[in-house]
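Student: Mind having a look at this structure? Questions to follow.
Protein chains in written order, with UniProt numbering: chain W, 1 to 328; chain B, 1 to 1199.
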């Protein structure tokens, strides 16, 4: 043909192509293969989740003094009432160290747009940008106009319950180092940025920060600033590097400072171990097993279908003009 | 230029002396003496609407006001440098979706917007910018096209009798130009003189009205002396005429020349875009330039066409908008409720410092503000890149169409030109084709093939139809499958069917002589003298050689003769006569000279025949005659014409061969040949002179009834004819046209021909391209005037009295009769053809009648409308479009490329995928958009998005759009060869198999399912537990990123499942999109401004097995339902292309060729038109014949 230079497999759409056809063999083997992969993955995940030992203790109600249970708000808002509270936990299974200590909040909308927006990353990172408080409404500056560092609602509402653990007489140290992401500490929260004017306003939010410690070392803040996706969330409080035995009794001394009574949120203390897959989450394993099982079933069903109602591949009788001869 | 000097003398013929009808010159030459219409024209000049003044040969006057007219520069572009931006932007924002995105982009500058401004504006700018670039490039192409035209060159008088070549665009009103043979006229011209002595020239107006026959134009007598370059030295004249207007067929104006005023009528006007033919050169004065010219006045700005799919797309967008509004309402109500009842308790949000966007004391107001936020937030339901992707796909498709080697014309080196890419996908959905260019279907090259002389049929060559039939019979397949394909594939052998039916086959018949394919030894080499009726044969040849209006031209180099004939038929006759030994070699004013080579005397003799009169052909008469005196002094009238006309004029003793000839004529007609009957009459001197006196009187009479009189007089002499025989010429179709029409017909497309040609031309072409055939019942609708006038003077009187009303009633009756006929027809093989002329169409298109007409037309296998005006074309198109409600394809100016027509049946692949593409867009955007909505329910309807702004921005523009484009451009469900072999596959398009509501809803449901799976699986996996062995839990960034990863995988897997054709491009785009996502998240994650997504993949998610496990799980879960669907459909309810794919895959077509052939033939729609249908009919007829004669059929294949 003429015009050789304009002729190429590309322009003529004649590139070598693979044209997979969904033959019964393929259908069955694809479903079978998915099943083969998914069921074991599911089983392994389930086993991993089973290995995790988790102790959850809800303390928001229990820590309210008996005389104030019908006015929890007054209790939590009164600075003169001691917020100290003691809880006793019994270990149900052996727990291998490290044991993770979490606090869990419920019905707390860290994902609210008004909340999520209310921060300024520049200010957190760079001491020179302390005056950058844009987006931090309504917690930008103090009443006399001084910039708050760290500004914004997220920092202002910092969670401030504290826990200490003892087993018998043995003090279980909670290691609060490295509970945040390394990149956060090293890059997002400045080593020379110190809290200032924080929680100085009339309206007290959550926890306070030690003005002498740079933000990069305020790991509770760093963890808190990673807003959670859902209104129920857990955040890492610290790690205990001690193996716990079954039936061990742990005494928890906690100061119940954080106000969740206002909006009926629960507060829970969680002790948990973790595996390679994370915490105690059966869902992934079940989901894998179900999808894998479904695929096995489908492989079987299609095999059955091909036996009951076989259609020879490329059977011309199935062409529309052969099937509806009248329609011609 | 060089040859004109020589050619000039040769062309010195006064045609007006010879011509009877069309070249009649008004004897009155000066305006004041002119009667009738010219006087009327003269009086109008100068009044309103007739203000143009042209100073001939003095264009300088027209360079300044007040006589400054536009230049001859034309521009058909939509935009220019200045208007491009505003106009193109306006065009873009006429689309609902774009307007919506513009609004959101503006709102993104306010705090209402949930996203950063840049993430709203960037995609919009990208999308709109891309569309505008596309517009710009297309307009640039138009500009280049214009430049090409503007830079054509033409000879212009520059003064002192010297001509120079100038660009068309530099022409000005008043310039004298010299146009040479086969050139286009650069502007509307007044013809001053031509290479013919009496200022005649031939013009082809194909580009104007689609008529293929040449038109004769003549100059005013007074300008005839301006016949040489030098004579323009001092030429001056003033033309006063009408203002520019679009009317092609009228012209009112006069010429003031040498202090006399002469009326100009349309005969002297040469229109731009028509072509000079058969005339060496002409001189003319430019009257209208550029956009003032009639053809440019006629071109209307083409409205932006929108395809049906695009309309449907809009509809779906509206649906999505409704969904959007609905969920926004839900969301804002939820927000208002939460704000009123819950927000005051959420101390961590400091509700007491709330602004008006979330003020618990004014929940209604906040709710309204939030509605806007939500409308923007859920905007990802609307696929912003839909339009631009589809557009891009179309541009690329157009590019591939342009590059397609199968549409490469080797003669001209041109490829197909897809002028606009807007309507590509419509190609796959065509239901009815309206062709308005019959001329492009045939080569207009006649081939003399057969003749019947004295009741004996000569000529053993076969027409294309016969060859096909013979091939089929010989192939011996006794069932219904007809392998027309084979006929075209190998045509080198020769087939003889014994028992009287003989075909010698082939393209092999191509003799060295163009226009002559006749083969029969009985007539060649002078053998005819041995035939029993040799005297009749002699007459027959003489008629061929003498009865015409052609001029011989000697090629100076080779000495060979060529003929400049008005119609190609005549050319073929003359060539045939020459081959038979009757060479017409010279024409003088009064005589025709023929060199007879194989007469009885057996040596070349030159004979001179005096031409006494010439009654030329026109469409009313359907015949032409010459009256000559031969060397013996005998006066002969030779007449050729349509058989019906000739037969009714035969003398009693002239009907000897009538029966046989009629039979032969029918055979020829069936074989697809154009036929003419030849006859003669011997006149005695007295009879002739009596008639001639009357004729001269009629010829010199003045007045409107002059034509009528002439016709009447001619009619008197063209009687008592003696039939000699008949000719059969084949009008060769353009290469590929029969196949093309055949395939289109088999693909189930309807073909209508709307032509400006005369009825008989249209019918002839209809025959030639198998839209009509013998044995088809033809329903002719016409208003009883016109044709009958010539036949019956009385009736003419009556019909002139007929009012429109009566005409309408008669038409109504005709339509009713036609419908009745169709209804009563029992034979399923009977085919009807509807032929309607322009006049009847005027009435048929009126509101009360058009549905009746349409219903009749739909029943007919083919529809031919003749003499249709451009407006009627549009009306018919609209009628069909609205009446049938299906896509129609009109073939007309600009697209008169046969290859394009051929290519229309490749639309299958395009259409299927086009619908799929759009469905996929909705799928992916629903899957994505709804997850945002679900998240809202978990975020207090606050308008927070779980995804980073930049993810969302990239989703539509980068991460999911390229695979769809590759699907649109490169997908082939079956290869193009198979499409051609199984035309019925095309029906998948018009039946809208790929884009019906069932399917759209299915995809939407799939999107809904995917969104649910993606969101809730991820939420459950990442609910509250640690995601890593290090005990860290997932924050919003981690959840959002994982969900987004799942979406990217799910939608790209989905598109991979819909593809059936993977080249490296598809692989690159699909897997590249997924890869790009990971690349992006790494790059973006290394930027500090990415906030919580900083190092999200490398530090947080990458090392977490849970992340990868979730991706795999969700991707699988999202795609399993679709996989089930396609597996089930394929196994239990396969579509045609599925089965064919499998046959191809298993190579069954090679193993079981009988099956493959059988299916291929079955795949054709039963049609009543087209080549195959014709071959069918022929076979039936031959079978019938053979059946009578012999029970068995023996086939010899002579190799």
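Note that beta-carbon positions come from the ideal geometry of N, C-alpha and C, so glycine has one too.
(1) Taking C-beta to C-beta, are residue 179 of chain B and residue 171 of chain B nearer than 8 Å?
(2) Spatial neighbours of residue 376 of chain B within its chain, please: C-beta separation below 8 Å, excluding the five flanking residues on both sides.
(3) Specify, as a first and last residue, the run of the beta strand (DSSP E) that residue 104 of chain W falls within.
(4) Here's a check: name, in chain order, each residue in its chain whose Cβ is nearer than 6 Å to the Cβ of residue 388 of chain B, leaving out the five neighbours to either side.
(5) For a cutoff of 8 Å on Cβ pairs, would you count residue 1118 of chain B as touching chain W?
(6) Going by DSSP, what residues sit across from residue 1228 of chain B in a beta bridge?
(7) Identify each residue in the region 134-151 of chain W for which the Cβ-Cβ distance to at least one residue of chain B is less than 9 Å, and report them in chain order.
(8) List the DSSP bridge partners of residue 260 of chain B.
(9) Run through the DSSP bridge pairs and tell me what residue 613 of chain B is partnered with.
(10) Leaving out five residues on either side along the sequence, give the residues of the same chain with a beta carbon under 6 Å from the beta carbon of residue 302 of chain B.
(11) Which residues in the same chain have their Cβ closer than 8 Å to the Cβ of residue 174 of chain W, if we skip the five residues on either side of it in sequence?
(12) Give the range of the alpha helix (DSSP H) segment to which residue 180 of chain B is assigned.
(13) Using a Cβ-Cβ cut-off of 8 Å, state whether residue 280 of chain W counts as contacting chain B.
(14) Distance, Cα to Cα, residue 306 of chain W vs residue 21 of chain W?
(15) Would you list, in chain order, the members of the region 222-239 of chain W that have their beta-carbon closer than 8 Å to a beta-carbon of chain B?
(16) List the residues of chain B that residue 39 of chain W touches, going by C-beta distances under 7 Å, in chain order.
(17) Buried or exposed: where does residue 1129 of chain B fall if 16 or more other Cβ atoms within 10 Å of its Cβ makes it buried?
(18) Can you check whether the CB of residue 853 of chain B is closer than 8 Å to the CB of residue 844 of chain B?
(19) Please confirm whether residue 57 of chain B and residue 167 of chain B have their CB atoms less than 8 Å apart.
(20) Please go through the same chain and pick out, in chain order, the residues whose beta-carbon is closer than 8 Å to the beta-carbon of residue 130 of chain W, but skip the five residues on each side of it.
(21) Classify residue 300 of chain W as helix, strand or coil using the three-state DSSP reduction.
(22) Hey, is the region 311-330 of chain B in contact with the region 85-96 of chain W, meaning 3+ C-beta pairs nearer than 8 Å?
(23) Using 8 Å as the threshold, is the C-beta distance between residue 1004 of chain B and residue 922 of chain B below it?
(24) By DSSP, does residue 40 of chain B sit in helix, in strand, or in coil?
(25) Hey, how far is the Cα of residue 706 of chain B from the Cα of residue 529 of chain B?
(26) Hey, could you find the ends of the beta strand (DSSP E) residue 562 of chain B is sitting in?
(27) Compare the C-alpha of residue 448 of chain B against each of B:279, B:378, B:676 and B:584 and name the closest.
(28) Just to make sure I have the definition right: I need the residues of chain W whose C-beta is within less than 9 Å of the C-beta of residue 1020 of chain B. Which are they?
(29) Kindly indicate the opening and closing residues of the beta strand (DSSP E) around residue 206 of chain W.
(30) Is it true that the region 248-255 of chain W meets the region 67-85 of chain W, where meeting means three or more beta-carbon pairs spaced less than 8 Å apart?
(31) Can you check the region 342-411 of chain B for any alpha helix (DSSP H) of at least 4 residues that lies completely inside it and give the ranges in chain order?
(32) Could you tell me how far apart the beta carbons of residue 239 of chain B and residue 285 of chain B are, in whole angstroms, since I believe they sit closer than 8 Å?
(33) Does the contact criterion of 3 or more C-beta pairs under 8 Å hold for the region 926-943 of chain B versus the region 331-338 of chain B?
(34) Return the bridge partner residues of residue 119 of chain W from the DSSP annotation.
(35) Does the CB of residue 350 of chain B have a neighbour CB from chain W at under 8 Å?
(36) To the nearest angstrom, how far is it from the Cα of residue 1233 of chain B to the Cα of residue 742 of chain B?
Tutor: So, from the listed chains and residues:
(1) It is not a contact, given that the beta carbons lie outside the stated cut-off.
(2) 104, 107, 108, 112, 113, 114, 115 and 120
(3) 99-105
(4) 127, 130 and 131
(5) no
(6) There is no way to answer for residue 1228 of chain B, as the model of chain B reaches only from 1 to 1199.
(7) Answer in chain order: 137, 138 and 139.
(8) B:257
(9) B:627
(10) Because the pLDDT at residue 302 of chain B is just 49, under 50, the model does not fix this residue reliably, and the value given afterwards should be weighed accordingly. Within the same chain, residue 302 of chain B has no close Cβ partners at all.
(11) 101, 163, 164, 165, 237, 238, 239 and 240
(12) Looking at the DSSP string, residue 180 of chain B is not in any alpha helix (DSSP H); the run it does join, the beta strand (DSSP E), is 176-180.
(13) Yes, contact with chain B.
(14) 16 Å
(15) 226, 227, 228, 229, 230, 231, 232, 233, 234, 235, 236 and 239
(16) Per Cβ cutoff of 7 Å: no residues; residue 39 of chain W is ~12 Å from chain B at best.
(17) Residue 1129 of chain B is exposed by the Cβ-count criterion.
(18) Their beta carbons are under 8 Å apart, which means residue 844 of chain B touches residue 853 of chain B by this criterion.
(19) No, Cβ-Cβ distance for residue 57 of chain B and residue 167 of chain B is not below 8 Å.
(20) Taken in chain order, the residues that qualify are 123, 147, 149, 193 and 196.
(21) helix
(22) no
(23) Here residue 1004 of chain B is near residue 922 of chain B, since their CB atoms are less than 8 Å apart.
(24) Its pLDDT being 42, under 50, residue 40 of chain B is placed unreliably in this model, and the coordinates cannot settle the point.
(25) 45 Å
(26) Taken as a continuous stretch (DSSP letters only), the beta strand (DSSP E) holding residue 562 of chain B covers 561-564.
(27) B:676
(28) 281, 283, 284 and 287
(29) According to the DSSP assignment, residue 206 of chain W belongs to no beta strand (DSSP E), since it is labelled neither H nor E.
(30) yes
(31) 363-377 and 386-403
(32) 7 Å
(33) yes
(34) As DSSP reads the structure, residue 119 of chain W sits in no beta bridge.
(35) yes
(36) Here chain B covers residues 1 to 1199 and nothing more, so residue 1233 of chain B does not appear.
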